Structures are given as structure tokens and as C-alpha cells.
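Undergrad: In our numbering, each residue's number is its place in the sequence shown (first place is 1) plus 2. Even glycine gets a Cβ: it sits at the ideal position worked out from N, Cα and C. From a predicted model like this one, the values you see are computed outputs, not experimental measurements.
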Amino acid sequence: MPLQTGNLFSVDGQRGGDERIDLLVTSPRVNVERIVSMGHASPDGFWYDDARAEWVVLLSGAAVLEFEEDATRLDMRAGDYVLIEPHCRHRVAWTHDEVQTVWLAVYYER
Numbered sequence: 003m004p005l006q007t008g009n010l011f012s013v014d015g016q017r018g019g020d021e022r023i024d025l026l027v028t029s030p031r032v033n034v035e036r037i038v039s040m041g042h043a044s045p046d047g048f049w050y051d052d053a054r055a056e057w058v059v060l061l062s063g064a065a066v067l068e069f070e071e072d073a074t075r076l077d078m079r080a081g082d083y084v085l086i087e088p089h090c091r092h093r094v095a096w097t098h099d100e101v102q103t104v105w106l107a108v109y110y111e112r
């Protein structure tokens with residue numbers, strides 16, 4: 003079986019438009035995505051609400067996540083991670099607009 007290789011940092015982010023999302027690993031119970039943001043934020047009033055748990059680590063850049071419950075805001079820098087439980091409504095409030103923000107997100111069934 004051939005090896006699947008790559009580099010998490012070998013992609014260019016761009017301001018405006020959509021975030022870049024690359025599905026790196028997929029199975030019936032687990033998905034791993036690389037997300038590249040640059041000045042992106044969730045639309046006003048939009049909340050992610052996934053039935054799966056999400057473990058996300060910020061590999062580079064900076065971001066602020068906002069959680070609907072208690073209006074919690076999480077300021078994230080490279081190396082920071084968070085486990086988001088299923089149906090925990092959250093949004094991306096801000097990502098750095100001059101430096102690529104690279105995320106690694108692991109979605110899995112609890």
C-alpha cells in the first residue's frame with residue numbers, strides 16, 4: 003500500500019473568500035481536517051453545532067473561538083488546543099489577517 007504523505011504547512015491561505023479545508027483522514031467514526039484561515043470569522047449569528055466531538059489544535063497563527071454558553075471566548079495561539087463536546091455551539095470570532103492560521107481538527111463519535 004502506498005504511503006500518503008504531505009506537509010501541514012505547505013498551503014497558502016488568502017484573505018477574503020472561504021477558509022481552505024482539506025480532509026486528511028476519513029473513516030466512518032473519525033475525520034481529520036487541516037483548516038487554513040486568514041482574516042476569517044464565522045458569519046454574524048452563525049454557530050457550529052456538530053453531533054461529533056471536535057478536538058482542535060492551532061498549529062500556527064492566532065484565533066479567538068466563542069462559545070454560546072456563558073459567552074465564553076477562548077484566545078488561541080500556536081500550540082493551544084481545545085476539546086469541544088458534541089452540540090457545544092461555537093464559532094470562530096477572529097483569525098489573524100496577516101498571518102496564516104493553520105488548524106488541525108479531529109472529529110470523532112463519542
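Taking the straight line between their C-alpha atoms, what separation do you get for Ile37 and Arg112?
TA: Taking the straight line from one Cα to the other gives about 22 Å.
Undergrad: Can you give the beta carbon distance from Thr97 to Gly63, rounded, assuming they're within the 8 Å contact cut?
TA: At roughly 6 Å, the Cβ-Cβ gap stays under 8 Å, so Thr97 and Gly63 are in contact.
Undergrad: Touching or not, the segment 32-46 and the segment 78-91, by the rule of three or more beta carbon pairs under 8 Å?
TA: Contact fails: fewer than three Cβ-Cβ distances are below 8 Å.
Undergrad: Between which two residues does the beta strand (DSSP E) containing Thr7 stretch?
TA: Neither: Thr7 is in no beta strand (DSSP E) and is coded neither H nor E.
Undergrad: Using C-beta distances below 6 Å, list every residue in its chain close to Val59, excluding the 5 sequence neighbours before and after it, in chain order.
TA: Cβ within range, chain order: Tyr83, Leu106.
Undergrad: Can you grab the Cα-Cα spacing for the pair Arg79 / Ala53, in whole Å?
TA: If I take the Cα positions, the gap works out to 26 Å.
Undergrad: Report the rounded CA-to-CA distance for Arg75 versus Leu5, giving the unit in angstroms.
TA: Computed Cα separation, rounded: 39 Å.
Undergrad: Do Val66 and Asp51 have their C-beta atoms within less than 8 Å of each other?
TA: No, the Cβ-Cβ distance between Val66 and Asp51 is not below 8 Å.
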